[in-house]
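Numbering-wise (this note's numbering), the sequence shown opens with residue 1 and increments by one. Taking it in order: structure first as C-alpha coordinates, then the write-up.
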Amino acid sequence: MGHRPEIAIVEANTLTALGLKAILEEIIPAATIRMFRQFAELTDDTPDMYVHYFVSAQIYMEHAAFFLSRRRKTIVLAGNGPSAQLADIQALNVCAPERELVREILKLHQRAHHSGYPGETASPSPAAVEERETLTAREAEVLALVAKGLLNKEVADRLGIGLTTVISHRKRITEKLGIKSVSGLTIYAVMNGYVEADEI
1 MGHRPEIAIV EANTLTALGL KAILEEIIPA ATIRMFRQFA ELTDDTPDMY
51 VHYFVSAQIY MEHAAFFLSR RRKTIVLAGN GPSAQLADIQ ALNVCAPERE
101 LVREILKLHQ RAHHSGYPGE TASPSPAAVE ERETLTAREA EVLALVAKGL
151 LNKEVADRLG IGLTTVISHR KRITEKLGIK SVSGLTIYAV MNGYVEADEI
(Lines of atoms letter the chains of each structure in order from A; the text may use other names.)
(Lines give C-alpha, C1' and ligand atoms only; values in the text may rest on other atoms or scores of the structure.)
Protein backbone atom coordinates (compact mmCIF):
# COMPACT_ATOMS: atom_id res chain seq x y z
CA MET A 1 0.00 0.00 0.00
CA GLY A 2 1.40 3.40 -1.02
CA HIS A 3 2.05 6.50 1.00
CA ARG A 4 -0.88 8.95 1.21
CA PRO A 5 -0.03 12.18 -0.67
CA GLU A 6 0.03 15.23 1.59
CA ILE A 7 -1.19 18.67 0.53
CA ALA A 8 -0.57 21.94 2.36
CA ILE A 9 -2.98 24.88 2.31
CA VAL A 10 -1.18 28.02 3.53
CA GLU A 11 -3.94 30.61 3.86
CA ALA A 12 -4.90 32.97 6.72
CA ASN A 13 -8.55 33.21 5.56
CA THR A 14 -10.27 30.33 7.36
CA LEU A 15 -13.28 30.21 5.02
CA THR A 16 -11.08 30.07 1.91
CA ALA A 17 -8.93 27.34 3.45
CA LEU A 18 -11.92 25.26 4.59
CA GLY A 19 -13.70 25.60 1.24
CA LEU A 20 -10.60 24.57 -0.69
CA LYS A 21 -10.01 21.68 1.72
CA ALA A 22 -13.56 20.39 1.12
CA ILE A 23 -13.13 20.50 -2.67
CA LEU A 24 -9.70 18.84 -2.53
CA GLU A 25 -11.04 16.07 -0.29
CA GLU A 26 -13.60 15.23 -2.98
CA ILE A 27 -11.07 15.38 -5.82
CA ILE A 28 -8.24 13.55 -4.05
CA PRO A 29 -9.84 11.41 -1.32
CA ALA A 30 -6.58 9.55 -0.71
CA ALA A 31 -4.74 12.75 0.25
CA THR A 32 -4.05 14.13 3.70
CA ILE A 33 -4.72 17.87 3.64
CA ARG A 34 -3.17 20.12 6.27
CA MET A 35 -4.06 23.78 6.80
CA PHE A 36 -1.60 26.43 7.98
CA ARG A 37 -2.68 29.99 8.79
CA GLN A 38 0.88 31.34 8.63
CA PHE A 39 4.07 30.49 6.78
CA ALA A 40 5.88 29.89 10.11
CA GLU A 41 3.41 27.09 10.92
CA LEU A 42 4.36 25.37 7.65
CA THR A 43 8.10 25.68 8.28
CA ASP A 44 7.66 24.42 11.86
CA ASP A 45 6.10 21.30 10.33
CA THR A 46 7.98 19.20 7.74
CA PRO A 47 7.70 21.62 4.80
CA ASP A 48 9.19 19.40 2.09
CA MET A 49 6.83 16.44 2.53
CA TYR A 50 3.98 18.01 0.52
CA VAL A 51 3.10 17.16 -3.08
CA HIS A 52 1.28 20.52 -3.43
CA TYR A 53 1.25 23.88 -1.71
CA PHE A 54 -1.93 25.94 -2.13
CA VAL A 55 -0.75 29.30 -0.84
CA SER A 56 -2.32 32.76 -0.54
CA ALA A 57 -0.84 35.39 -2.88
CA GLN A 58 0.28 37.51 0.08
CA ILE A 59 2.13 34.66 1.80
CA TYR A 60 3.61 33.65 -1.55
CA MET A 61 4.97 37.18 -2.14
CA GLU A 62 6.41 37.38 1.38
CA HIS A 63 8.19 34.02 1.05
CA ALA A 64 8.77 33.77 -2.72
CA ALA A 65 12.23 32.19 -2.38
CA PHE A 66 10.76 29.15 -0.60
CA PHE A 67 7.97 28.66 -3.15
CA LEU A 68 10.04 29.45 -6.27
CA SER A 69 12.27 26.49 -5.52
CA ARG A 70 9.06 24.41 -5.34
CA ARG A 71 7.43 26.04 -8.37
CA ARG A 72 5.99 22.86 -9.88
CA LYS A 73 4.24 22.01 -6.60
CA THR A 74 2.94 25.53 -5.83
CA ILE A 75 -0.51 26.89 -6.69
CA VAL A 76 -1.13 30.50 -5.68
CA LEU A 77 -4.61 31.38 -4.41
CA ALA A 78 -5.22 34.62 -6.29
CA GLY A 79 -8.16 36.97 -6.67
CA ASN A 80 -9.78 38.33 -9.85
CA GLY A 81 -7.09 40.80 -10.88
CA PRO A 82 -4.10 39.63 -12.94
CA SER A 83 -0.76 40.00 -11.20
CA ALA A 84 2.51 40.49 -13.08
CA GLN A 85 4.44 38.86 -10.23
CA LEU A 86 2.47 35.61 -10.73
CA ALA A 87 3.06 35.34 -14.49
CA ASP A 88 5.17 32.16 -14.28
CA ILE A 89 3.31 30.57 -11.39
CA GLN A 90 0.24 28.33 -11.42
CA ALA A 91 -2.60 30.35 -9.95
CA LEU A 92 -6.15 29.58 -8.91
CA ASN A 93 -8.77 32.34 -8.93
CA VAL A 94 -10.54 31.82 -5.59
CA CYS A 95 -13.20 34.38 -6.61
CA ALA A 96 -14.33 32.29 -9.60
CA PRO A 97 -17.74 30.60 -9.58
CA GLU A 98 -17.73 27.14 -7.95
CA ARG A 99 -18.03 25.27 -11.27
CA GLU A 100 -15.03 27.10 -12.76
CA LEU A 101 -12.99 26.65 -9.57
CA VAL A 102 -13.65 22.90 -9.55
CA ARG A 103 -12.75 22.67 -13.27
CA GLU A 104 -9.44 24.50 -12.74
CA ILE A 105 -8.47 22.33 -9.74
CA LEU A 106 -9.31 19.18 -11.74
CA LYS A 107 -7.18 20.42 -14.65
CA LEU A 108 -4.25 21.19 -12.34
CA HIS A 109 -4.62 17.77 -10.73
CA GLN A 110 -4.81 15.92 -14.07
CA ARG A 111 -1.82 17.78 -15.53
CA ALA A 112 0.33 17.22 -12.47
CA HIS A 113 -0.64 13.63 -11.69
CA HIS A 114 -2.07 11.98 -14.80
CA SER A 115 -0.32 8.75 -13.79
CA GLY A 116 -1.04 9.06 -10.07
CA TYR A 117 1.00 10.21 -7.11
CA PRO A 118 4.30 8.54 -6.25
CA GLY A 119 3.44 5.39 -4.31
CA GLU A 120 -0.14 5.25 -5.61
CA THR A 121 -1.28 2.45 -7.86
CA ALA A 122 -2.52 3.69 -11.23
CA SER A 123 -5.43 1.24 -11.46
CA PRO A 124 -8.63 1.96 -9.53
CA SER A 125 -9.41 -0.09 -6.46
CA PRO A 126 -11.88 -2.99 -6.85
CA ALA A 127 -14.35 -1.06 -4.67
CA ALA A 128 -14.13 1.96 -7.00
CA VAL A 129 -14.68 -0.23 -10.06
CA GLU A 130 -17.62 -1.95 -8.37
CA GLU A 131 -19.13 1.42 -7.41
CA ARG A 132 -18.67 2.76 -10.93
CA GLU A 133 -20.45 -0.27 -12.42
CA THR A 134 -23.54 0.49 -10.36
CA LEU A 135 -24.53 3.26 -12.79
CA THR A 136 -26.58 2.13 -15.77
CA ALA A 137 -25.56 3.31 -19.25
CA ARG A 138 -28.38 5.90 -19.22
CA GLU A 139 -27.40 7.13 -15.74
CA ALA A 140 -23.81 7.52 -16.97
CA GLU A 141 -25.08 9.62 -19.91
CA VAL A 142 -27.15 11.79 -17.56
CA LEU A 143 -24.20 12.17 -15.16
CA ALA A 144 -21.89 13.25 -18.01
CA LEU A 145 -24.36 15.87 -19.25
CA VAL A 146 -24.98 17.22 -15.74
CA ALA A 147 -21.20 17.48 -15.26
CA LYS A 148 -21.00 19.46 -18.52
CA GLY A 149 -23.41 22.00 -17.01
CA LEU A 150 -26.67 21.10 -18.74
CA LEU A 151 -29.93 21.74 -16.91
CA ASN A 152 -32.50 18.94 -16.49
CA LYS A 153 -34.58 20.22 -19.43
CA GLU A 154 -31.47 20.37 -21.67
CA VAL A 155 -30.49 16.82 -20.64
CA ALA A 156 -34.01 15.63 -21.49
CA ASP A 157 -33.88 17.32 -24.91
CA ARG A 158 -30.38 16.00 -25.67
CA LEU A 159 -31.27 12.41 -24.76
CA GLY A 160 -34.82 12.51 -26.14
CA ILE A 161 -36.40 11.55 -22.82
CA GLY A 162 -38.90 13.22 -20.50
CA LEU A 163 -38.01 15.75 -17.83
CA THR A 164 -39.40 13.52 -15.05
CA THR A 165 -37.23 10.65 -16.35
CA VAL A 166 -34.13 12.86 -16.07
CA ILE A 167 -35.11 13.83 -12.52
CA SER A 168 -35.58 10.14 -11.65
CA HIS A 169 -32.16 9.27 -13.09
CA ARG A 170 -30.51 12.10 -11.12
CA LYS A 171 -32.21 10.92 -7.92
CA ARG A 172 -30.90 7.37 -8.48
CA ILE A 173 -27.40 8.66 -9.31
CA THR A 174 -27.39 10.70 -6.08
CA GLU A 175 -28.57 7.70 -4.06
CA LYS A 176 -26.05 5.30 -5.61
CA LEU A 177 -23.05 7.61 -5.29
CA GLY A 178 -24.05 9.38 -2.10
CA ILE A 179 -23.23 12.73 -3.74
CA LYS A 180 -25.82 15.52 -3.60
CA SER A 181 -24.13 18.62 -5.05
CA VAL A 182 -23.59 19.31 -8.75
CA SER A 183 -19.93 20.12 -8.04
CA GLY A 184 -19.55 16.77 -6.26
CA LEU A 185 -21.13 14.94 -9.21
CA THR A 186 -18.86 16.87 -11.58
CA ILE A 187 -15.77 15.88 -9.61
CA TYR A 188 -16.90 12.25 -9.54
CA ALA A 189 -17.60 12.29 -13.30
CA VAL A 190 -14.15 13.67 -14.15
CA MET A 191 -12.22 11.53 -11.68
CA ASN A 192 -13.94 8.38 -12.94
CA GLY A 193 -13.59 9.08 -16.66
CA TYR A 194 -17.19 9.95 -17.56
CA VAL A 195 -16.06 13.37 -18.86
CA GLU A 196 -12.76 15.22 -19.36
CA ALA A 197 -11.99 18.31 -17.26
CA ASP A 198 -11.89 20.37 -20.47
CA GLU A 199 -15.51 19.43 -21.21
CA ILE A 200 -17.01 20.88 -18.02
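All residues carry an ideal CB built from backbone N, CA and C; glycine is no exception. Quantities reported herein were computed from a predicted structural model and do not represent experimental measurements.
- Query: Should L163 go down as buried or exposed, given a rule of 16 or more other Cβ atoms within 10 Å for buried?
  - Reply: Exposed, since its Cβ has fewer than 16 Cβ neighbours within 10 Å.
- If you draw a straight line from the alpha carbon of Q58 to that of A137, how long is it in whole angstroms? Take the alpha-carbon of Q58 and the one of A137: they are about 47 Å apart.
- Who are N93's beta bridge partners in DSSP? Residue pairing for N93: DSSP places it in a beta bridge opposite A78.
- Message: Distance check for G184 and L77, CA to CA, integer angstroms please.
- Response: C-alpha separation (whole angstroms): 21 Å.
- Item | Inter-residue spacing [alpha-carbon to alpha-carbon] between E41 and I173 | Between the alpha carbons of E41 and I173 lies a gap of roughly 41 Å.
- Task: Kindly indicate which residue of E6, F39, A8 and K148 has the alpha-carbon position closest to the one of V195.
- Result: Residue K148 is the option with its Cα nearest to V195.
- Segment contact, 8 Å Cβ cut-off, at least three pairs: the stretch 85-105 with the stretch 9-29: Using a Cβ-Cβ distance cut-off of 8 Å, the stretch 85-105 and the stretch 9-29 are in contact, since at least three pairs of beta carbons, one from each stretch, lie closer than that value.
- Query: Which residues in the same chain have their Cβ closer than 8 Å to the Cβ of T46, if we skip the five residues on either side of it in sequence?
  - Reply: Taken in chain order, the list of residues that qualify is empty.
- Output the distance between the C-alpha atoms of N152 and R170, rounded to the nearest integer angstrom. One C-alpha to the other measures close to 9 Å.
- Span of the beta strand (DSSP E) holding A8? Residue range E6 to V10 is occupied by the beta strand (DSSP E) that includes A8.
- Just grab the DSSP bridge partners of M35 for me. DSSP, once it has assigned bridges, lists I9 as partnering M35.
- Per-residue DSSP class, three states only, for S56: Correct three-state label for S56: strand.
- Buried or exposed: which applies to L18, given that a residue is buried once 16 or more other Cβ atoms fall within 10 Å of its Cβ? Exposed is the call here.
- Nonlocal neighbours in the same chain, by C-beta distance under 6 Å from A31, ignoring five residues either side: Once the five neighbours on either side are set aside, the close Cβ partners of A31 are P5 and I7.
- Message: Taking only three categories from DSSP, how would you classify T134?
- Response: When DSSP states are grouped into helix, strand and coil, T134 belongs to the coil group.
- What's the gap between the Cα of G193 and the Cα of A140? CA-CA distance, G193 to A140, rounds to 10 Å.
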